[in-house]
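The sequence shown runs -21 to -1, 1 to 564 under mature numbering (1 follows the signal peptide of the UniProt record, and there is no 0).
Virtual Cβ for every residue (Gly too), placed ideally from N, Cα, C.
Some notes on the structure that comes next.
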Amino acid sequence: MAKLSSLAQFVALAATGIAWSSPDCKAVPGSPGWPTEIQWSGLNTSLSGRLIKPSPPGAVCHPTQVTFNAAECPAVQAEWLTAAWHTTNPVSSIRNNWNNDTCLPIATDPCSGEGYPIYVVNATCAEDVKAGVDFARENNIRLIVKGTGHDYIGRSSAPNSLSIWTHHITGLSFHDGFEPKGCGFSIDGAAITAAAGTQMLELDGQAHLRNLTIVSGGSGSVGVGGYLTGGGHGALSSTYGMGADQVLEIEMVTPGGDIVTVNECQNQDLFWAMRGGGGSTFGVMTSVTIKAFQSSAFHTVTALMATKPGTDAYWSVIANVLSQFPTLDEMGISAYSYIAPGFTSAALNITTPVDGFYGIFMLPGLHPENTSDSLTSAIKQLFNTATSSFPQQFETFTNTTSYPDFWSYFEPNYGPLNAGDDGVLGSRLLDGKALTGNLTALADAYRVASPVGNEISAFLVSGKGVHNAKPRGGSNAVNPAWRTAYIHSVLSVGWEPLNEQQKKNQEGNLTDVYIEGLRKLAPDMGAYVNEAYPDEPDWQHTFWGDNYERLLSIKKDYDLGNVLWCHPCVGSENWEVVDNVLCSK
Ligand SMILES: Cc1cc2nc3c(=O)[nH]c(=O)nc-3n(C[C@H](O)[C@H](O)[C@H](O)COP(=O)(O)OP(=O)(O)OC[C@H]3O[C@@H](n4cnc5c(N)ncnc54)[C@H](O)[C@@H]3O)c2cc1C
């Protein structure tokens, strides 16, 4: 079966006239440079049998496929819809479109598997990673990295590639004070070294057992690899800084195949780039050491504000609420909130649509004045101020809960999250100027960004902690827009699998209409690379601002030949994928 598909690919490439044998293209099955079975077998031996040639996970539902299994198919179809399941498969992604819909678990859909990697290194240690990196470099094969497959911009999957799967690189160790290699001094406080396969739930849970807490994301199944290399926001980032700001040291394999330790005292350029410069670009992280903090009480208020649909008052109030977020940040409050016109909720028994605003506001009890009462009164005040010009038009509801620590809040709330759909995100980081400068413009931007039935988030996850962060070594590659932002606003559009026209329309709406208003509102800001539309205009500066040029120079120093390539990633602009083949332009 595998041989047949290689042959078909060879014929198809020859017919399209693609330069499949060109030295400027990565090798693909059937092209002259593609390794022989003996060479692949040699790699497998050097990996002690840990090279996998996986079938697409949806193939169990396709009678034409060798892995067809009618009994297993229903379970795969059910699990396909949960984010966590995709982490346990070597090639699966949470969104179908990143595998080009090429083998959904639906018997009537096509199953070519062309959107998936050809081989996977099921790595358990840095030496396995090195073997894979060396093999890809020496044989001119496109190399990618998959931790969990949670990427929202499709970087952890690619056709005709060799993938390094880090899921089984496991282990955690805890430090009371940490001495970065080669530094000769110790950094005070608690620290945790996590292997590349670590996911947030394990990291948060193990930290909790030691009365510690960390900056981590909202979902338990996200992995450290993509989260920390992209930046990493969370409920505690507005207190302590981004996830990347907590990194003390990284062990990694460079595109040249060196296993190196990077920190503020050695390999400083890679240390800088790996903290925010993006995943699968500067090397493969095999472990990371991050700062941890003593746990403290954690207060939350879940809140809802609603009015009848279709009024101008709604947008005016939304703008007023958002304009107060910098003040909330001053009080140490963060939020996951949503602007939801046309909102209904079975859980809240709201069956007739309302124009709503809902979310959770959070306050770590780090200071005596940070109490559940202070949080509750701040949120009530927020709504009172915003709605005062529109008496009796808005209903508000708040519910306060206090937890002994962050974990007690996180554990019941981390997921499970949906997956197995087709879609993309769009987002923008908004600073104080965008939020308070012109409330009419703010209201208009959100009115356009969230048409009825399509909610948009307003995450208050930046703020003091991110603005004043002191990353080791003085700075890191996190998008400078984070350093003035308060809100990270994200929305999602989707389409039916395999429906190209719908995809085109939805992506067009997202980037040309919904996000365009927010871009105009905050033209000097940018977007968070891990949760954004991958084809943002001027993506280089949208995702990395003024850091881009330095990042590009580091990429050229360590990976001139683009052993690692992904889009939109630093240095990717001179290559393109045509008919599943990666070639230089
Ligand atoms: C349900 C869900 C919730 C989320 N919540 C948050 C949140 O609260 N805060 C937040 O900041 N983000 C959040 N995100 C976004 C998240 O940060 C990105 O999806 C991130 O890329 C996931 O990283 P990963 O390693 O889990 O995923 P993967 O898809 O495995 O990898 C993502 C990228 O990182 C690369 N990569 C992975 N491991 C390594 C490694 N060891 N070395 C080098 N490169 C590597 C991959 O090649 C790819 O480029 C969320 C995503 C999802 C799906």
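Cutoff 7 Å; reference residue i; Cβ partners in own chain excluding five residues on either side
i: Arg355; result: Checking the sequence, you will find Thr at residue 355 rather than Arg. Only Val280, Thr377, Thr379 meet the Cβ criterion.
i: Ala420; result: Leu500
i: Asp308; result: Ser217, Leu439, Gly442, Lys443, Tyr465
i: Val232; result: Ala105, Val108, Lys109, Val112, Ile238, Gly262, Val263, Thr265
i: Thr46; result: Ser34, Ala38, Val39
i: Val99; result: Ile31, Pro33, Pro69, Val70, Ser142, Trp144
i: Pro53; result: none
i: residue 565; result: The chain is shown only over -21 to 564; residue 565 falls outside these bounds and no answer can be derived.
i: Leu477; result: Asp80, Asp88
Within 8 Å, strictly: CB atoms of residue i and residue j
i: residue 640; j: Cys548; result: The structure shown does not extend to residue 640, since the chain is modelled only from -21 to 564, so the question has no answer here.
i: Val194; j: Ile143; result: no
i: Pro516; j: His546; result: no
i: Gly92; j: Ser10; result: no
i: Asp538; j: Pro96; result: no
i: Pro450; j: Gly524; result: no
i: Ile318; j: Ala437; result: yes
i: Asp410; j: Ser274; result: no
i: Phe277; j: Tyr393; result: no
i: Pro42; j: Val55; result: no
i: Gly204; j: Asn119; result: no
i: Arg426; j: Val445; result: no
i: Gly168; j: Thr66; result: no
i: Ser198; j: Leu396; result: yes
i: Gly550; j: Leu531; result: yes
i: Ser302; j: Leu418; result: yes
i: Thr268; j: Thr208; result: no
i: Gly257; j: Gly202; result: no
i: Ile148; j: Ala102; result: yes
Residue i to residue j span [Cα, whole Å]
i: Ser351; j: Ala298; result: 26 Å
i: Trp294; j: Ile533; result: 45 Å
i: Ala271; j: Phe369; result: 45 Å
i: Asn488; j: Lys412; result: 26 Å
i: Glu486; j: Val472; result: 7 Å
i: Glu106; j: Pro502; result: 45 Å
i: Ala6; j: Asn526; result: 32 Å
i: Leu60; j: Glu228; result: 35 Å
i: Gly176; j: Tyr206; result: 12 Å
i: Gly133; j: Gly150; result: 27 Å
i: Arg74; j: Trp19; result: 29 Å
i: Val124; j: Gly416; result: 42 Å
i: Gln371; j: Asp291; result: 15 Å
i: Glu51; j: Ala252; result: 43 Å
i: Gly344; j: Ser353; result: 10 Å
i: Ile85; j: Leu561; result: 29 Å
i: residue 630; j: Gln480; result: Because the chain here runs from -21 to 564, residue 630 falls outside it and cannot be looked at.
i: Asn190; j: Leu182; result: 12 Å
i: Pro159; j: Lys483; result: 48 Å
i: Val403; j: Asp491; result: 14 Å
i: Met179; j: Asn447; result: 24 Å
i: Val296; j: Gln360; result: 13 Å
Cutoff 8 Å; reference residue i; Cβ partners in own chain excluding five residues on either side
i: Asp423; result: Trp294, Gly496
i: Glu58; result: Trp64
i: Val508; result: Ile132, Gly209, Gly210, Gly257, Asn458, Phe522, Trp523, Pro547
Contact set for residue i: own chain, Cβ-Cβ below 6 Å, skip 5 residues either direction
i: Ala214; result: Ser313, Met341
i: residue 565; result: Look at the range of the chain in this structure, -21 to 564, and you will see that residue 565 is not part of it.
i: Gly255; result: Gly210, Ala223, Asn455, Ala456, Val457
i: Cys162; result: Cys244
i: Ala285; result: Val333, Gly335, Glu374
i: Gly184; result: none
i: Trp77; result: Gly133, Ser136
i: residue 573; result: This structure does not reach residue 573, given that the chain is present from -21 up to 564, and the question cannot be answered.
i: Trp474; result: Asp401, Gln481, Lys482, Gln485
Interface flag, residue i vs chain B, CB-CB below 8 Å
i: Arg254; result: Annotation note: the requested chain B is absent from the structure, which comprises a single protein chain.
field: Contact between the segment 330 to 340 and the segment 280 to 292 (3+ Cβ pairs under 8 Å)
entry: yes
message: Check whether the segment 101 to 116 and the segment 72 to 84 touch, using three or more Cβ-Cβ pairs below 8 Å as the test.
response: no
- prompt: Is the segment 465 to 479 touching the segment 230 to 241 in the sense that three or more CB pairs, one from each, lie closer than 8 Å?
  reply: no
- prompt: Where in the segment 454 to 513 do unbroken runs of the beta strand (DSSP E), each at least 3 residues long, occur, reported from the N-terminal end onward?
  reply: 464 to 474
task: Could I get the ranges of all uninterrupted beta strand (DSSP E) runs contained in the segment 203 to 269, with 3 residues as the minimum, in chain order?
output: 226 to 232, 238 to 241
message: Runs of 4 residues minimum, wholly inside the segment 32 to 81: which ones carry the alpha helix (DSSP H) assignment?
response: 52 to 58, 62 to 66
task: Please go through the segment 91 to 149 and give each complete beta strand (DSSP E) segment of 3 or more residues, from N-terminal end onward.
output: 98 to 101, 121 to 125, 140 to 144
query: Whole beta strand (DSSP E) runs in the segment 354 to 418 with 3 or more residues, listed along the chain?
result: 374 to 382, 401 to 410
- prompt: Can you give, in chain order, each stretch of the beta strand (DSSP E) that sits fully within the segment 155 to 186 and has at least 3 residues?
  reply: 166 to 174
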